[in-house]
Amino acid sequence: MSEPPQGRDARSRVAEARPAWMPGATGAAADQPPDQSVRTRALDPLHSFIVQAPAGSGKTGLLVQRYLALLPAVDVPEEIVAITFTRKAAGEMRERILAALAQAHRGEAADAHGQRTRTLACRALEHDARRGWDVRANPGRLRVLTIDALCASLVRQMPWLSHFGGEPRVADDGRALYRQAARETLGQLEDDSPWGDAVATVLWHLDNDRTRCERMLVDLLARRDQWLRHVAGHFTAGEAQRAHLEAGLGRAVRDALRALRASVPSADAASIVSVAAFAAENLAAEGSPSPIRACRGLDRLPGTDPQDLSAWVGLSELLLTRRGSWRGRHTAEHGLPARRDGEGARMRREARRLCVALAAHDELRMHLADVRDLPATRYSDAQWQVLQALARVLHLAAAMLRVVFTERGHVDHVEVAQAARQALGEEDAPTELALALDHRIRHILVDEFQDTSYSQFELLRRLVAGWCADDGRSLFLVGDPMQSIYRFREADVGLYLRAWERGFGALTLQPLRLQANFRAQGHLVSWVNRVFTDAFPRRAEADTGAVPWQSAVALRASASTPAATVHPLRDADPDLEARLVVRLVQAAMARRVQRRIAVLVRSRVHLGAILPALRAAGIDYRGVELEGLAARPVVQDLLALTRALLHPADRVAWLALLRAPWCGLSLQELHTLTAQDASRAVFELLRDPERVPGLGPGGAARAQRVSGAMQSALARRGSRPLVQAVADVWTALGGPACVETPDLEDATAYFDLLGQLEPEEAVDPQRVSERLETLFAKARTPAAPVEVMTIHKAKGLEFDTVILPGLGRATRVDERRLLTWAERPAGAGPPDLLLAPMAPAGEEPDAISRYLWKLEAKKSEHETTRLLYVAATRAREHLHLIGHATPSSDGTPAPEAGSLLQCIWPAVRAEFERVEGERPPTEKGPRERRTPLALCRLPAGWKPPRPPRLRARFPAIAPAGGETPAAGVAYDWAGRTARCVGTVVHEVLRHIGRDGAAAWDRGRVQRGRRRWRGLLIGLGVPPNELEKASTRVGQALVNVLEDPRGRWILEARHTDAHNEYALTGALGGRVVSAVIDRTFVAEDGVRWIVDYKTGTHEGADIETFLDREQERHRAQLEGYAALMAHRERRPIRLGLYFPLLTGWREWSAPL
55 MSEPPQGRDA RSRVAEARPA WMPGATGAAA DQPPDQSVRT RALDPLHSFI VQAPAGSGKT
115 GLLVQRYLAL LPAVDVPEEI VAITFTRKAA GEMRERILAA LAQAHRGEAA DAHGQRTRTL
175 ACRALEHDAR RGWDVRANPG RLRVLTIDAL CASLVRQMPW LSHFGGEPRV ADDGRALYRQ
235 AARETLGQLE DDSPWGDAVA TVLWHLDNDR TRCERMLVDL LARRDQWLRH VAGHFTAGEA
295 QRAHLEAGLG RAVRDALRAL RASVPSADAA SIVSVAAFAA ENLAAEGSPS PIRACRGLDR
355 LPGTDPQDLS AWVGLSELLL TRRGSWRGRH TAEHGLPARR DGEGARMRRE ARRLCVALAA
415 HDELRMHLAD VRDLPATRYS DAQWQVLQAL ARVLHLAAAM LRVVFTERGH VDHVEVAQAA
475 RQALGEEDAP TELALALDHR IRHILVDEFQ DTSYSQFELL RRLVAGWCAD DGRSLFLVGD
535 PMQSIYRFRE ADVGLYLRAW ERGFGALTLQ PLRLQANFRA QGHLVSWVNR VFTDAFPRRA
595 EADTGAVPWQ SAVALRASAS TPAATVHPLR DADPDLEARL VVRLVQAAMA RRVQRRIAVL
655 VRSRVHLGAI LPALRAAGID YRGVELEGLA ARPVVQDLLA LTRALLHPAD RVAWLALLRA
715 PWCGLSLQEL HTLTAQDASR AVFELLRDPE RVPGLGPGGA ARAQRVSGAM QSALARRGSR
775 PLVQAVADVW TALGGPACVE TPDLEDATAY FDLLGQLEPE EAVDPQRVSE RLETLFAKAR
835 TPAAPVEVMT IHKAKGLEFD TVILPGLGRA TRVDERRLLT WAERPAGAGP PDLLLAPMAP
895 AGEEPDAISR YLWKLEAKKS EHETTRLLYV AATRAREHLH LIGHATPSSD GTPAPEAGSL
955 LQCIWPAVRA EFERVEGERP PTEKGPRERR TPLALCRLPA GWKPPRPPRL RARFPAIAPA
1015 GGETPAAGVA YDWAGRTARC VGTVVHEVLR HIGRDGAAAW DRGRVQRGRR RWRGLLIGLG
1075 VPPNELEKAS TRVGQALVNV LEDPRGRWIL EARHTDAHNE YALTGALGGR VVSAVIDRTF
1135 VAEDGVRWIV DYKTGTHEGA DIETFLDREQ ERHRAQLEGY AALMAHRERR PIRLGLYFPL
1195 LTGWREWSAP L
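Position one of the sequence shown corresponds to residue 55 (the working numbering), numbered consecutively onward.
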């Protein structure tokens, strides 16, 4: 894309918009941070930047200032696009921009640090007034959105949607879709298809373990954005492609050997060669198979060609132990036998001297250790055959997934991102959409850029294709590679490092680093600087994710109390560790100030002893996504109920129903009912007049009540939504009476899940269970002073005191993938692709696979260090680190490999060596009181109470549909016909909302007139009123489609949109249900709940009528909002829309 004709004018306009103080900002005043000149430079709208913003450096504040600085430089605010990776971050940035504008509008004073923000906001408001934007009243014009929302907005503008017959729904969890595609792929084996041989080869490679193969295909389909571009078409070139891939392997070896050779101290090179040659001669004479033999005849250091690899491996064997440390002694095994005099003795002494001297060269040690894992530079014929077959199978699986997407009408986020990239085309062949966006978007800001995946990086690259430094457009990338901890979400910190070094496509980026730390007290910043300086790599490596350390400068004074305290434990003792956590929490709570406390762990499993200990000590805590929803008893009972309704012969589910508290049969009673007849279904046994009386009077009565409720539900199976059937029978059985109020929230979450699954596919218990595994129960004490969460959840937060237990524990290693791949930089050209299939079942992995695994292990090791850095930098005042180091064979403590403690071991080793382990007082301390398990159940004669009239008890949840007029409200046309019109209008608006307003116009409304006449007749509208009613329906629909507000409500671009959305939840301690006409999340992150009202008004004072209607229905919509608030936390706006009047009333939900 070339520079737009107005590019030069745009640059001039941007230059005029620069703040007057910007060119003269050369240093930092006494009351400003030491990096103020860098922060000032970052606000220059004429240039593009990539900024490293470490923890506590005020990253969001800088983004807000940059956004405000750009507003005076654009014609419309939509020319600025700010991209984040989470809705929470987008909401926070938007709120802070609006808050800055509001404070500037009110003329509020600001402190020294806030004065610059105020100045920028005032200039933005002046430009806003000149242009007539009024963004404070129209916050939706501020385009602050997530990367997923950006992708969705792009694909909605392209014909990609035509493949699906409308806009598909985006599934957050695509495993069911992947599984179906994987099964269809493996099914080609039996269908005598041209893909059968490839499928058979892959299955044979996995020892014909079809289940394992399916699981691995599911995993790869979820990551297909990483490999699909490699396998699509790459394996059709045969030997040419094989040579291309093998050339990449050769370059990997050469680059590694060059780095190794360059790290050898020149003063020691000759000595290394002479010792190695001597040792090799001895080993060759003995016929030893040692790798050192490859050094025979050396007279200089080996070269850097792949054929020199074996000699370097020999040097590694000579100088390093198997664990990669310098050898302390050499033996005959290494070609240096024990001799008291002569050449052999001299060589042994020289070898010892070398290892001592080289100990100062850690880079050499690492390169020598890595050389052992360098790959072979050729594929064997067997490997290549498997790789070709695997490529064909993966290509087929991706195609099958597209078919599944089309059939189901659902896609995943990867598909949307790929479609968004396709919508923009390539740099040398942009689409019409890309050309249009090239003129509509002038400035892009990206937050948390270090967490970008390849597909997101590529999308951004195509968005700025053709941008150049002097055309008035800018790119602003902000992040901290030291905080990149989301590899499990496909984040690749190497992309950040490459952008820092090379720019972004053809766009030059000026690198900036922030240093000031506004968060932590001085001693804590100093401790972090000291400990992590050596923990992080010395230099950046994009292919291994190595990020070098950058020190911070504290702006806050140092406290008098210790900032960071290491609590060493000698052995892994979860109970001991938990008691120590309790003591530290109690000490922190005893302080009058600084009371915000967090316990952060690497994995939820590390909380097994800590949470019971906190409860036993009477400490309230707020757990953030700690307990899975599936673990809650009420959800387990509801899942059993669902399984019993879906599969009446599911014996385990029926036994669970009879054991649940609404029935509560004892184990003996269950045995009496079922033991003598294992072949009959339980629901049949419940109807056996000879079997049930054996349960005794109480047991029989309870069993018959369950049997009656279930038989009634089964008789109506298929005639109503599953979620309604489950909720109805649960209520009839007395489920709500068996639980406490907090449990009703868990039940509501379960009903929400069923409601989401049912439109997507036929619901099956396995699918429900899988989705439950991804959901978490809400915290029972949301306002507790102590917060417990994983480190990943804590990113972006700060606390006065942070406690980090479990630092000595490692996490499980991920399963090997069916296909392993990596990309390596290859100069100015495209990166080299390295590929390896999984080793055959029962065989050792090949050299290429080992090399790629080593790369992954390095990436994981670097990320583990970054994870600990993120955890440590959450603290403002006090940091406590708790971990164990088990004594090794020589009695010295050593951390577990892969643990967080291992990352900083050199800095904290002395703490563990100085004490055998800190132990709290020997008394056991408080423990949770254990009480004998008791069977809790409803009384045998329990009957459900008569349900209250929903409108009378819960006016907020009045039925949606036809509006029954209230006394004193002047409708021109009331009664049954009006309600029928309302019903039909609601039904058609549901279809428009599903298709999107863009798919409808006046002509389509007219063509549908016959259809809704039939609907009106079916609803009982009398013939003499049919024409008038049909006209009303048509008029209402045309009004909606020709009203900007109406079209906005029904637009397809909104996220998480639903029509006639059924909700069941707890209000006032009771379970209630509601149906919301239309709900969605707008671009600004606000949830909208809209109710259609098809009444009209003949009087002149329509505004008064609308105001009165708002008050009349206020409680109804606020009740909807209260139900919605149970399932998500976000701002909620409520709206009443009157299609026949194109009237509108809106207000914020009082949550």
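Backbone N, C-alpha and C define an ideal beta-carbon position, used for all residues, glycine too. Quick caveat, the model's predicted, so the values are computed rather than measured.
Starting from the C-beta of residue i, find all residues in its chain whose C-beta is less than 7 Å away, skip the five residues before and the five after it, and write them out in chain order.
| i | result |
| --- | --- |
| residue 276 | 228, 232 |
| residue 742 | none |
| residue 620 | 935, 962, 965 |
I need the boundaries of the alpha helix (DSSP H) containing residue i, first residue and last residue.
| i | result |
| --- | --- |
| residue 925 | 901–926 |
| residue 624 | From DSSP, residue 624 is part of no alpha helix (DSSP H); its letter is neither H nor E. |
| residue 147 | 141–160 |
| residue 690 | 687–700 |
| residue 586 | 576–587 |
| residue 956 | 954–957 |
| residue 1156 | 1156–1179 |
| residue 1060 | 1056–1061 |
| residue 115 | 113–124 |
Using C-beta distances below 8 Å, list every residue in its chain close to residue i, excluding the 5 sequence neighbours before and after it, in chain order.
| i | result |
| --- | --- |
| residue 322 | 408, 411, 412 |
| residue 1199 | 1160, 1161, 1163, 1164, 1189, 1190 |
| residue 1205 | 1175, 1176, 1179, 1186 |
| residue 1006 | In this prediction, residue 1006 scores a pLDDT of 31, lower than 50, which makes its location untrustworthy; no coordinate-derived value is stated. |
| residue 302 | 878, 880, 886, 887, 888 |
| residue 268 | 233, 236, 237, 240 |
Where do the ends of the beta strand (DSSP E) carrying residue i lie?
| i | result |
| --- | --- |
| residue 1145 | 1141–1146 |
| residue 843 | 840–844 |
| residue 891 | 886–891 |
| residue 853 | 853–858 |
| residue 346 | Looking at the DSSP string, residue 346 is not in any beta strand (DSSP E), and its letter there is neither H nor E. |
| residue 1103 | That residue, residue 1103, is in no beta strand (DSSP E); its alpha helix (DSSP H) goes 1098–1103. |
| residue 1202 | 1197–1202 |
Residues in the same chain with beta-carbon distance under 6 Å from residue i, minus the five sequence neighbours each way, listed in chain order, please.
| i | result |
| --- | --- |
| residue 638 | 857, 934 |
| residue 549 | 506, 511 |
| residue 1201 | 1188 |
| residue 652 | 841, 853, 856 |
| residue 710 | 694 |
| residue 675 | 668, 838, 840, 842 |
| residue 1101 | 1051 |
| residue 452 | 278, 282 |
Taking 7 Å as the line, does the beta carbon of residue i fall inside it for any heavy atom of the ligand FAD?
| i | result |
| --- | --- |
| residue 514 | For the structure depicted, the ligand FAD is absent and the ligand set is empty, with no information on it obtainable. |
I believe residue i touches residue j by the beta-carbon criterion, under 8 Å. Please report the beta-carbon distance rounded to the nearest angstrom.
| i | j | result |
| --- | --- | --- |
| residue 349 | residue 369 | 6 Å |
| residue 189 | residue 131 | 6 Å |
How do the stretch 389–401 and the stretch 324–335 stand: do at least 3 beta-carbon pairs fall below 8 Å, yes or no?
Segments in contact, yes.
Does the contact criterion of 3 or more C-beta pairs under 8 Å hold for the stretch 887–903 versus the stretch 415–430?
Using a Cβ-Cβ distance cut-off of 8 Å, the stretch 887–903 and the stretch 415–430 are in contact, since at least three pairs of beta carbons, one from each stretch, lie closer than that value.
Does the stretch 443–460 come close enough to the stretch 335–353 to have 3 or more Cβ pairs within less than 8 Å?
Because the criterion of three Cβ pairs below 8 Å is not met, the stretch 443–460 and the stretch 335–353 do not touch.
At 3 residues or longer, and completely inside the stretch 414–483: list those beta strand (DSSP E) runs for me, N to C.
Runs of the beta strand (DSSP E) spanning 3 or more residues and lying entirely within the stretch 414–483 do not occur at all.
Could you pull out every unbroken alpha helix (DSSP H) segment of at least 4 residues lying fully inside the stretch 165–235, listed in chain order?
If only complete runs of 4 or more residues are kept, the stretch 165–235 shows the alpha helix (DSSP H) at 166–185, 201–209, in order along the chain.
4-residue-minimum alpha helix (DSSP H) runs that sit fully inside the stretch 736–805, ordered along the chain
736–739, 750–769, 776–787, all fully within the stretch 736–805.
Taking 8 Å as the cut-off, does the stretch 1125–1143 touch the stretch 1071–1081 (at least 3 CB pairs, one atom from each stretch)?
No, the stretch 1071–1081 does not touch the stretch 1125–1143.
What are the complete alpha helix (DSSP H) segments, minimum 4 residues, inside the stretch 477–564?
Those alpha helix (DSSP H) runs which fall completely within the stretch 477–564 and span 4+ residues are 486–494, 508–517, 547–556.
Three-pair Cβ contact test at 8 Å for the stretch 909–926 versus the stretch 597–614:
A contact exists between the stretch 909–926 and the stretch 597–614.
Considering only residues of the stretch 624–664, which uninterrupted alpha helix (DSSP H) runs meet the minimum length of 4 residues and lie entirely inside it, listed in chain order?
Counting only runs of at least 4 residues, the stretch 624–664 fully encloses the following alpha helix (DSSP H) elements, listed from N- to C-terminal order: 628–644.
Are three or more beta carbon pairs between the stretch 902–913 and the stretch 858–877 nearer than 8 Å?
Output reads yes: the stretch 858–877 touches the stretch 902–913.
Touching by the beta-carbon criterion (3+ pairs, under 8 Å), the stretch 758–774 and the stretch 727–735
Touching, no.
Say whether the stretch 569–582 touches the stretch 109–118, bearing in mind that this needs 3 or more beta-carbon pairs closer than 8 Å, one atom from each stretch.
The stretch 109–118 and the stretch 569–582 touch, with three or more beta-carbon pairs separated by less than 8 Å.
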